[in-house]
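J.: This is the structure, below, for whatever I ask next.
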Amino acid sequence: MLARLRRSLKRVAGSTPMRQAIGLVAVVAVVNLVTLGLAYVNLRKSAEEAMRANLAQHMAGFQVAASPGALEILVSAEANAADPADRVFAFVAPDGRVTGNASAALTPNGVQISPMPEGRPLSDYGYFPLIERMAGGILILGESRAPIHDLGETFLALLALSLAPTVLISLGAGAVIAGRARRRVDGIEKVLGQLSQGALEARVPADPDRQDDLARIGVQVNRMAAAQQAATEALRQVSADIAHDLKTPLQRMTVLLHDLRERLPDAGEEAAMAERAIAEAEGAVGVFHALLQIAQIEGGGARAGFAPVDLAAVAAEIADLYAPAAEEEGRRLSVSLPDGPATVIGNKGLLGQALANLIENALRHTPKGGDIEIALRREGGGTVLEVADRGPGIPAEERANVLRRLYRLERSRTTPGNGLGLALVAATAGLHGAVLSLHDNAPGLIARLTFPGGQDRAGR
Amino acid sequence: MTTLPVRIDAAETTKGAMKLLLIEDDPTTAAYIVKGLREEGHVVDHLADGRDGMVQAMAGGYDVLIVDRMLPGIDGLSLIRALRSAKVTVPAIFLTAIGGVDDRIEGLQAGGDDYLVKPFAFGELSARIAVLARRAAQPVAETVLTAGDLSMDLIARRVTRGGKTIDLLPREFALLEHLLRRKGRVQTRTMLLESVWDLSFDPQTNVVETHVSRLRAKVDKPFDRELIQTVRGAGYKIEG
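Keeping their order, the protein sequence lines are chains A and B. Here numbering that gives the first Met the number 0 is used: the first residue of the first sequence is 0, the next is one more, and so on. Here numbering that gives the first Met the number 0 is used: the first residue of the second sequence is 0, the next is one more, and so on.
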């Protein structure tokens, strides 16, 4: 809940209108700071000049006293009438005695003013001093800096007052606009997500009342999606046409070859040739069929028929199908399953075929007698389906290559197969949001299908 | 359905005096299918246009329809859908050049009874047509299946031959049951894969052959006569 709130706040803060609002606030703040700052500096300067003039006038009043004694009387009279928090008077007589409402001492840095013992407290903000030698001693007058401090506070308050409405209005308007835009951006994002998942019929809802940038982006997204959909449809149509136009002659060829074979006496050389021709034609059909199927799977169209599939049941079924064939070759085909079903959302037929392809690869590319292990387990919230053999394995640098269509290892050129089996498995994995990876079984190969945790990814 | 018993007789006695309708626009394929089916003794009507085919199929009287999916006029899927919504239940098999991932399911959902991807061997089509005709004509629930001296008790799940009990694994039992239920008719490898294992892809390994040879080792090897026969280039059958 908190994380969600933080996420949505982060999204609002990261939105364009919000960033513009923050930028506006910054500009207003800088302008106010500069104008108010200049005004403050000027006012402060004149306030200090007034203080200086005031002090000088007072100082002149004391010059009538001719002797230290007279000056002391004069100073203590003035000092008694004044609050040392506002103004201090201190006369340091030639003998070092201090008269006034504050104690003062000359230091190398200037004057140090401190409260008289038993006297009233001094100003917290320091003093603006005037020092003169008089009647053999030193007379120190000091005006409290409190008014200047108050002036600073007043200006800070002014700054805050002038900024507050700007900040509130800018950020508020930004948030409202951002919220409104966010719903529409979310809509566009959702449509783009659907499109990238292969749902090419997804469109941003049109809003004829709006003609702004987001509306234009929506129109462009829709245009792009329509183009993509048309291209995919064209590709599908071309595939279907090619399939039809090529498969029909292949059908006729197979038909004629079967016919020919029927007319030839068994065990003759001609019959063997006809059978080889039939096998070649069937091989061509197989490659053709597999290529079309991979293209179709990669197109994502098969997602429409997705349903919950129990991988444990699929693994058990395929293992049952292949076990006798493996045993004929002196292999043991073992299968280890988790307790209970391991459900993924997908296409049962394709998943079964993917597992069958992995087992057939193991049967074909490893020496007879080598065991094959099928393992299904839950791992890190996801599901892992593995086929492991004890054959020569695939060198690490070749593992990426063998997933490519029609690629075959040098040593496999003589074994049957069309080089499309693993490509089909990889395409099926991709369709299900799963990953096909190849690992070393030391010795042998592990082909691993890792299905992501949760059902939402594959199903969306 | 008073014609039902007659059809059973026809199918069983002459092994195929069926009336078939082929709707296929490719002349070579059509000629080949028509020729092959006529040689087997069936009566075959052929039309190349989807619309004409639908009208003809509505008229009725056919045992099985053979329908190409891509047709001029009206495509095969729509044709079968239209027939089914008009309560025409004659079994239909689709022929297709596409063979896509979900095409088979699509075809069956549209109301088709079987699905065959081109190119196919004639034996495959012939075997499937025989199964469809029989399926439509025989809704009888049997509890004991027999062939020669072999008998399968479906309730006790027990198989005996010549008085001796034969122990079968569940999958072997299912395979034998499938063949017994279609006694006298050829079952191809792909048909067995589809019905016994519910798989519709073409394995590159002889998996079905191995299963059949295991079954044979138990059912036929200890006895004189072979019940499960190999039909070259087509599949397997148990003779009645």
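Using N, Cα and C, we set each Cβ at its ideal position, and we do this for glycine too.
When you compare the segment 42 to 52 of chain A with the segment 156 to 165 of chain A, are there three or more beta-carbon pairs, one atom per stretch, that lie closer than 8 Å?
T.: At 8 Å Cβ cutoff, the stretches do not touch.
J.: Here's the rule I'm using: 16 or more other beta-carbon atoms within 10 Å means buried, otherwise exposed. How should residue 142 of chain A be labelled?
T.: That one is buried.
J.: Distance cutoff 9 Å, beta carbons only. Does residue 84 of chain B sit that close to anything in chain A?
T.: Closer than 9 Å: no.
J.: Can you confirm whether residue 210 of chain B, when its beta carbon is compared against all beta carbons of chain A, has any partner nearer than 9 Å?
T.: Yes, its Cβ sits closer than 9 Å to a Cβ of chain A.
J.: Is DSSP giving residue 95 of chain B helix, strand or coil here?
T.: Residue 95 of chain B falls in the strand class under three-state DSSP.
J.: Using the beta-carbon of each residue, which ones in chain B are nearer than 7 Å to residue 324 of chain A?
T.: Within 7 Å Cβ-Cβ: 204, 205, 206 and 209.
J.: Starting from residue 305 of chain A and walking both ways along the beta strand (DSSP E), at which residues does that stretch end?
T.: Run containing residue 305 of chain A: none; DSSP gives neither H nor E here.
J.: Going along the segment 344 to 370 of chain A in order, which residues come within less than 9 Å of chain B, judged by CB to CB distance?
T.: For the segment 344 to 370 of chain A, which is checked against every Cβ of chain B, the residues closer than 9 Å are 346, 347, 348, 349, 351, 352, 355, 356, 358, 359, 362 and 363.
J.: What's the gap between the Cα of residue 72 of chain B and the Cα of residue 53 of chain B?
T.: For residue 72 of chain B and residue 53 of chain B, the distance between alpha carbons rounds to 10 Å.
J.: Residue range of the alpha helix (DSSP H) that residue 424 of chain A falls in?
T.: Looking at the DSSP string, the run of the alpha helix (DSSP H) that includes residue 424 of chain A is 420 to 430.
J.: Using 9 Å as the threshold, is the C-beta distance between residue 403 of chain A and residue 422 of chain A below it?
T.: Taking 9 Å as the Cβ cut-off, residue 403 of chain A and residue 422 of chain A qualify as a contacting pair.
J.: Below 8 Å on the Cβ atoms is my guess for residue 92 of chain B versus residue 62 of chain B; work out the distance and round it to an integer in Å.
T.: Contact doesn't hold; Cβ gap of about 12 Å is too wide.
J.: Mind checking whether residue 45 of chain B and residue 76 of chain B have CB atoms under 9 Å apart?
T.: For residue 45 of chain B and residue 76 of chain B, no; Cβs fall outside 9 Å.
J.: Taking a cut of 8 Å between CB atoms, which residues from the segment 28 to 49 of chain B lie near chain A?
T.: Those residues of the segment 28 to 49 of chain B that come within reach of chain A (Cβ to Cβ, closer than 8 Å) are 28 and 31.
J.: Interface residues of chain A around residue 117 of chain B at Cβ under 8 Å?
T.: Ordered by position in chain A, the residues that pass the 8 Å Cβ test against residue 117 of chain B are 246, 247, 249 and 250.
J.: Hey, residue 420 of chain A and residue 360 of chain A: beta-carbon distance below 9 Å or not?
T.: Yes, the pair counts as a contact, with Cβ atoms nearer than the cut-off.
J.: When the Cα atoms are used, what is the spatial distance from residue 179 of chain A to residue 16 of chain A?
T.: Near 10 Å, if we compare the C-alpha coordinates of residue 16 of chain A and residue 179 of chain A.
J.: Please compile the residues from chain B whose C-beta is within a distance smaller than 8 Å of the C-beta of residue 316 of chain A.
T.: The answer, in chain order, is 196, 197 and 198.
J.: If we cut at 9 Å on Cβ distances, does residue 232 of chain B have a partner in chain A?
T.: Output row for residue 232 of chain B: interface = yes.
J.: Determine the direct distance from the alpha carbon of residue 438 of chain A to that of residue 12 of chain B, and round the result to whole angstroms.
T.: Low per-residue confidence applies at residue 12 of chain B: pLDDT is 37, beneath 50, and the placement is therefore not dependable, though the value from the model is reported in the following sentence. Distance between the alpha carbons of residue 12 of chain B and residue 438 of chain A is about 59 Å.
J.: Near residue 146 of chain B, which residues of its chain fall below 8 Å by C-beta distance, leaving aside the five closest residues on each side in sequence?
T.: Cβ neighbours of residue 146 of chain B beyond the five flanking positions: 179, 182, 226, 237, 238 and 239.
J.: Going by the beta-carbon positions, is the gap between residue 316 of chain A and residue 198 of chain B smaller than 9 Å?
T.: Yes, they are a contact pair.
J.: Find the nearest neighbour of residue 127 of chain A within the set A/116, A/109 and A/118, judged by alpha-carbon distance.
T.: Taking only the C-alpha atoms, the option nearest residue 127 of chain A is A/109.
J.: Output the residue ranges of the alpha helix (DSSP H) runs that lie fully inside the segment 344 to 405 of chain A and measure 4 residues or longer, sorted by chain position.
T.: You should have 347 to 364.
J.: Does residue 288 of chain A get closer than 9 Å to chain B when you measure Cβ to Cβ?
T.: Chain B, which has a Cβ nearer than 9 Å to the Cβ of residue 288 of chain A, makes this yes.
J.: Does the separation of the CB atoms of residue 94 of chain B and residue 67 of chain B fall below 9 Å?
T.: Yes, they are a contact pair.
J.: Is it the case that the segment 338 to 355 of chain A contacts the segment 387 to 395 of chain A, given that we only count it when at least three CB pairs across the two stretches are under 8 Å?
T.: Result no; under three Cβ-Cβ pairs closer than 8 Å.
J.: Near residue 159 of chain B, which residues of its chain fall below 6 Å by C-beta distance, leaving aside the five closest residues on each side in sequence?
T.: Same-chain partners within the cutoff: 150.
J.: What three-state label does DSSP hand residue 126 of chain A in the structure shown?
T.: Residue state, collapsed to three classes: strand.
J.: Do the segment 79 to 87 of chain A and the segment 100 to 116 of chain A touch if we need at least three Cβ pairs shorter than 8 Å?
T.: Flag = yes, the segment 79 to 87 of chain A and the segment 100 to 116 of chain A touch.
J.: When the Cα atoms are used, what is the spatial distance from residue 234 of chain B to residue 199 of chain A?
T.: Taking the straight line from one Cα to the other gives about 43 Å.
J.: For the candidate residues A/318, A/431 and A/188, whose alpha-carbon lies nearest to that of residue 307 of chain A?
T.: The residue with the shortest Cα to Cα distance from residue 307 of chain A is A/431.
J.: Do we get a CB-CB distance below 9 Å when we pair residue 327 of chain A with the residues of chain B?
T.: At least one chain B Cβ lies under 9 Å of residue 327 of chain A.
J.: Could you check whether the Cβ of residue 121 of chain B sits closer than 9 Å to any Cβ belonging to chain A?
T.: Cβ-Cβ to chain A under 9 Å: yes for residue 121 of chain B.
J.: Mind checking residue 339 of chain A: buried by the 16 CB within 10 Å criterion, or exposed?
T.: Flag for residue 339 of chain A reads exposed.
J.: Can you tell me the Cα-Cα spacing of residue 151 of chain A and residue 157 of chain A, whole angstroms?
T.: Approximately 10 Å, taken between the alpha carbons.
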